[in-house]
Amino acid sequence: MSDKKESNKMEKIVGWAKRRGFVFPSSEIYGGFGAVYDFGPYGVELAKNIKENWWKVMVQENENIIGLDSSIFMHPKVWEASGHVSGFSDPLAECKQCHSRLRVDHLLEDIGVFADEKMSDEEINKLLDENRDEIKCPKCGTKGQFSKAKSFNLLVKSNLGNFTEDWNKEPAYLRGETCQGIYINFKNVLDSTRQKIPFGIAQIGKAFRNEITARQFIFRKREFEQMEFQYFVHPNEAMKSYEEWRERRWQYYLDLGIKEENLKWHKHENLVFYAKAAWDIDYNFPFGFKELEGIHYRTDYDLTQHSKFSGKDLSYRNPQTNEKYIPHILEASVGVDRTFLAVITDAYTEEKLEDGNKRVMMKFPKKLAPIKVAISPLLKNKPELVTKAREIYNSLKSQYMCEFDDNGNIGKRYRRQDEIGTPYCLTVDFETLENDTVTIRDRDTMVQERVKVEKLEEFLKNKLK
Ligand code: GAP
Numbered sequence: 000m001s002d003k004k005e006s007n008k009m010e011k012i013v014g015w016a017k018r019r020g021f022v023f024p025s026s027e028i029y030g031g032f033g034a035v036y037d038f039g040p041y042g043v044e045l046a047k048n049i050k051e052n053w054w055k056v057m058v059q060e061n062e063n064i065i066g067l068d069s070s071i072f073m074h075p076k077v078w079e080a081s082g083h084v085s086g087f088s089d090p091l092a093e094c095k096q097c098h099s100r101l102r103v104d105h106l107l108e109d110i111g112v113f114a115d116e117k118m119s120d121e122e123i124n125k126l127l128d129e130n131r132d133e134i135k136c137p138k139c140g141t142k143g144q145f146s147k148a149k150s151f152n153l154l155v156k157s158n159l160g161n162f163t164e165d166w167n168k169e170p171a172y173l174r175g176e177t178c179q180g181i182y183i184n185f186k187n188v189l190d191s192t193r194q195k196i197p198f199g200i201a202q203i204g205k206a207f208r209n210e211i212t213a214r215q216f217i218f219r220k221r222e223f224e225q226m227e228f229q230y231f232v233h234p235n236e237a238m239k240s241y242e243e244w245r246e247r248r249w250q251y252y253l254d255l256g257i258k259e260e261n262l263k264w265h266k267h268e269n270l271v272f273y274a275k276a277a278w279d280i281d282y283n284f285p286f287g288f289k290e291l292e293g294i295h296y297r298t299d300y301d302l303t304q305h306s307k308f309s310g311k312d313l314s315y316r317n318p319q320t321n322e323k324y325i326p327h328i329l330e331a332s333v334g335v336d337r338t339f340l341a342v343i344t345d346a347y348t349e350e351k352l353e354d355g356n357k358r359v360m361m362k363f364p365k366k367l368a369p370i371k372v373a374i375s376p377l378l379k380n381k382p383e384l385v386t387k388a389r390e391i392y393n394s395l396k397s398q399y400m401c402e403f404d405d406n407g408n409i410g411k412r413y414r415r416q417d418e419i420g421t422p423y424c425l426t427v428d429f430e431t432l433e434n435d436t437v438t439i440r441d442r443d444t445m446v447q448e449r450v451k452v453e454k455l456e457e458f459l460k461n462k463l464k
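Pasting the structure below:
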């Protein structure tokens, strides 16, 4: 796809997401708030379905994986131990022409040069200098006019529990990733459950980062949600288990309904010093293949660091062999928002109509569709049809997310439901009053079937299972 077409698709998706109640810019009536977004009425349903599906696959279906919901606020030492206070930063440079602050690693990436996450300011400046003439400011287009790069810490500070004037010196941070809450609860989980190594802890929750570049819609937000999974293993088993998890996580996206041609593995060549392996699953977003999920083998780094900083022994003793060791950690971490963006990009389809106009159709996998069934009376001014349609809506709403829709004519209702990806539209018409059947229209085939009202539950159960 050409650059123009790609940005066009992104613009269309952003427009659709707002128009159809999926994603709104935050605080819009005040002019917006950079890189913060709100999920609208259908967006919240889609995000909920994404999270529920992840939880089912990761926690419910695995005997040795349990859930956790740790707090957003943690002891400030957590972020020292994790390395975030000293090293969780992005390299920033300013365009001398338009004064935009830009991420140097992104500028380099745009010309095919990849910087190591842990590079010092000196190293990143060397790379910047070597490539300076080729790099163009994405805002104003000027080439080669950049200040020196400087690291900018991404942790978001707060004054929680600190009532002094200079709280900024010892701030409590809003968590920059959810997994630290898992590491610091490792012992609690072990002591309160019957888990033995290998076992995993999964968590879904908000994370906050002072991201510099507010770009690419919900791909990079300042407040976002992560679905993180940490698997605790014996060091000798780690690499084999890592490969198994890589396969499982790939399969997870196929089972979610993501098109395989839109997924790609990306191997990290420059590993951080404690990691033994790191792969990302990239998705083909409208702006190209970018990280959707990171699957990393983090060795014993996290538990060792927290043992050191807290003074608490976080090692594990094998109850059978009595062997004592610090477990190694395999991590699979993905954003709810990035999954959301991948799912809507995958589902977004335009169809040409006979009159030359285009219509948008969201081909969501059925399990993710925000509304499963729309129920309509053929005519809204015929009380007998409305009453019957309401009766059906009331009988289905406790099982499925349904919508009662009597606005406009039936063609418009189908179009509206296609635009939000509703798999089934059910219509009560005059034949319903005669033989107690309704028409059910399938979003993907557009085939309409007549189904007995008493068989509706069974029909939908088969179709939506
Ligand atoms: N615990 C590891 C960790 O946080 P990460 O690569 O920084 O690693 C993991 O983040 C995942 O979280 C990413 O693959 C992405 O899906 C999501 N993510 C990270 N930063 C994000 C942001 N600013 N906005 C939305 N999602 C983000």
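Counting with numbering that gives the first Met the number 0, you get residues 0 to 464 for the letters of the sequence shown. Don't be surprised by glycine CBs; every beta carbon is placed ideally from N, CA and C. From a predicted model like this one, the values you see are computed outputs, not experimental measurements.
Around Asn63, the same chain offers Phe198 as residues with beta carbons nearer than 6 Å, after the five sequence neighbours per side are excluded. The ligand GAP has a heavy atom closer than 7 Å to the beta-carbon of Phe223. At the C-beta level, Glu169 and Phe308 stay beyond 8 Å of one another. Taking a C-beta distance under 8 Å as the contact criterion, Leu463 and Lys365 qualify as a contact pair. Distance check between Cys94 and each of Lys50, Gly140, Asn7 places Gly140 closest, using alpha-carbon atoms only.
Leaving aside the five residues that flank Gly204 on each side, the residues in its chain whose CB is nearer than 6 Å to its CB run, in chain order, Thr177. Two segments are said to touch when three or more pairs of C-beta atoms, one from each, lie closer than 8 Å; by this definition the segment 384-401 does not touch the segment 333-343. In this structure, the C-beta of Arg247 stays at least 7 Å away from each heavy atom of the ligand GAP. The segment 51-67 makes no contact with the segment 86-104: fewer than 3 CB pairs, one atom from each, lie closer than 8 Å. Collapsing the DSSP output to three states places His267 in coil. If you draw a straight line from the Cα of Gly256 to the Cα of Asp37, it is about 25 Å long. A distance of 8 Å or more separates the beta carbons of Phe223 and Leu154. Rounded to whole angstroms, Met73 and Arg174 show a C-alpha spacing of 7 Å. Only residues of its own chain outside the window of five on either side were considered, and among them Leu67, Ser69 have a CB closer than 7 Å to the CB of Asn184, listed in chain order. For Ser119, the number of other beta carbons within 10 angstroms of its own is below 16, and it is reported as exposed. Close CB contacts of Lys149 within its chain, under the 8 Å cut and outside five residues either way in sequence, are with Pro90, Leu91, Ala92, Asp120 (chain order).
When Lys258, Val22, Pro422, Asn7 are compared, the shortest CA-CA separation from Asn461 is found for Pro422. In the three-state reduction of the DSSP assignment, Gly256 falls in the coil class, being assigned neither a helical nor a strand state. Boundaries cannot be given for Phe286, as no beta strand (DSSP E) includes it and DSSP labels it neither H nor E. By the Cβ test, the segment 220-235 is in contact with the segment 315-328, since at least three Cβ pairs between them sit closer than 8 Å. In terms of Cα proximity to Asp301, the closest of Ser146, Ile181, Asn158 is Ile181. Membership of Asp336 in the alpha helix (DSSP H) is indicated by the continuous run 335-346. Secondary structure of Gln194 (DSSP, three-state): coil. The beta carbons of Glu268 and Asp281 sit about 14 Å from each other, so the pair does not count as a contact at 8 Å. Sequence-distant Cβ neighbours of Ala368 in its own chain, meaning closer than 7 Å and more than five residues away, are Gly420, Thr421, Pro422. Excluding five sequence positions before and after Ile123, the CB atoms of its chain that fall closer than 8 Å to its own CB belong to Pro90, Val103, Asp104, Ala114, Ala148, given in chain order. When Cβ pairs closer than 8 Å are counted between the two stretches, the segment 375-384 is seen to touch the segment 427-442, the count reaching three or more.
Excluding five sequence positions before and after Ile196, the CB atoms of its chain that fall closer than 8 Å to its own CB belong to Phe231, Val232, His233, Tyr315, Asn317, Pro326, given in chain order. Gln447: member of the beta strand (DSSP E) spanning 447-451, first to last residue.
Boundaries of the beta strand (DSSP E) harbouring Leu173: 171-173, taken from the DSSP string. Ranked by Cα distance from Val335, the options Phe32, Asn152, Arg219, Phe23 are led by Arg219. DSSP places Leu378 in no beta strand (DSSP E); its state is neither H nor E. Within the chosen limit of 7 Å, the ligand GAP does not reach the beta carbon of Leu91 with any heavy atom. A Cβ-Cβ distance of about 5 Å is found for the pair Ile370 and Glu402, placing them in contact under the 8 Å criterion.
CA-CA distance, Val450 to Gln179, rounds to 52 Å. If you look at Phe223, you'll find it in the beta strand (DSSP E) that goes 222-232.
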